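Using the numbering used here, the letters of the sequence shown correspond one by one to residues 790 to 1020. Virtual Cβ for every residue (Gly too), placed ideally from N, Cα, C. Since this is a predicted model, take the numbers as computed values, not measurements. Working notes, structure below.
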Amino acid sequence: MSKKALVLFSGGQDSTTCLAFALDRYAHVETVGFDYNQRHRIELDQRATIRDALARDFPAWRERLGPDHLIRIEALAEISASALTQDIEISFDERGLPNTFVPGRNLLFLTFAAAVGFRRGLTQIIGGMCETDFSGYPDCRDDSVKAMQVALNLGMDARFVLETPLMWLDKADTWRLAERLGGKKLVELIVEATHTCYLGERGARHDWGYGCGSCPACILRAEGWRKYAAS
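Pasting the structure below:
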C-alpha cells in the first residue's frame, strides 16, 4: 500500500480492469493515456467518464485515484500504415499479424509512462498487455515487457516494476477479475462506459457493450463475455 502506481489507461475494457487492479492494491494511482490520432479516438473520450464513475461509486478507491495525464504522440500515426491510424480495411498478413498492429506503440507507451513515473515518483507501471488474447501483437508478449523493464531501469537508473495483471488471462478471465475486484457494479461500468471497437463504433449496444461487433477487438470481447456469462 505504500507504493504508487501509474496505469496505462486507454478507456478500454482491459485498461479499466487494470486501473481497478491498481486501486485495489496501491495507496496512490495515477493514469496516463495516449493520443496518437487513433481511428477509435472515441476511447479517449470515455476515460473521464470511467474515472468519474470509479471515484463516485467506489468509496474505497476514491482517495487513491490521483491525476490523469494525456500525452500526444501524433508522430506514431504519421510513420505507421495501420488500420488503427488510417481508414483502411482490417486484414492479416502472411504471418497472421493483423494490420491493426502499430509498430512500436506499446514500446513507446511504456517509455513515456516511465518518464512520467520518474518525474512523479510512481514506481509501479501497470499495463493491459496480454499474451493469451493478444491478436498476435509482438509488443504484447511477456518477453517484450520484461525486456522493456530492464531497458527502462538501466536507461533511467530507476527501479520500475512493469506489471501486466492480464498477461496470462483470456477475455473471460478478465471479466471475472473485474467482478472479483469491484463486483457486478464494476462489470456494469465496463459494459456501459468502456470502448474497445477498433472502428470507433458506439451506436450499437450489445450485451457486452458498444461496438461494431465484427472487428477483431469486438470479437474477442464478445467471445470472452459469452464464456464469462455462461460460467
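Scanning the stretch 880-956 from its first residue to its last, the whole beta strand (DSSP E) runs of 3-plus residues come out as 913-915, 950-952. Using a Cβ distance threshold of 7 Å, L797 and G906 do not count as a contacting pair. The Cβ atoms of A967 and I979 lie closer than 7 Å to each other. Within a 10 Å sphere around the beta-carbon of A982 sit 16 or more other beta-carbons, which makes this residue buried.
In the three-state scheme derived from DSSP, where H, G and I count as helix and E and B as strand, I862 is classed as coil. Using a Cβ-Cβ distance cut-off of 8 Å, the stretch 898-917 and the stretch 936-945 are in contact, since at least three pairs of beta carbons, one from each stretch, lie closer than that value.
The shortest C-alpha to C-alpha distance from D996 to any of D857, E952, D803, W1014 is the one to W1014. The closest CA to that of D959, considering only G917, H829, G972, is found on G917. The C-beta distance from M937 to L896 rounds to 6 Å, short enough to fall under 8 Å. Each residue's CA atom was taken as its position, placing G801 and L843 some 14 Å apart. For F823, no alpha helix (DSSP H) segment is defined; the enclosing uninterrupted segment is the beta strand (DSSP E) at 817-824. For A844, the uninterrupted alpha helix (DSSP H) segment begins and ends at 831-846.
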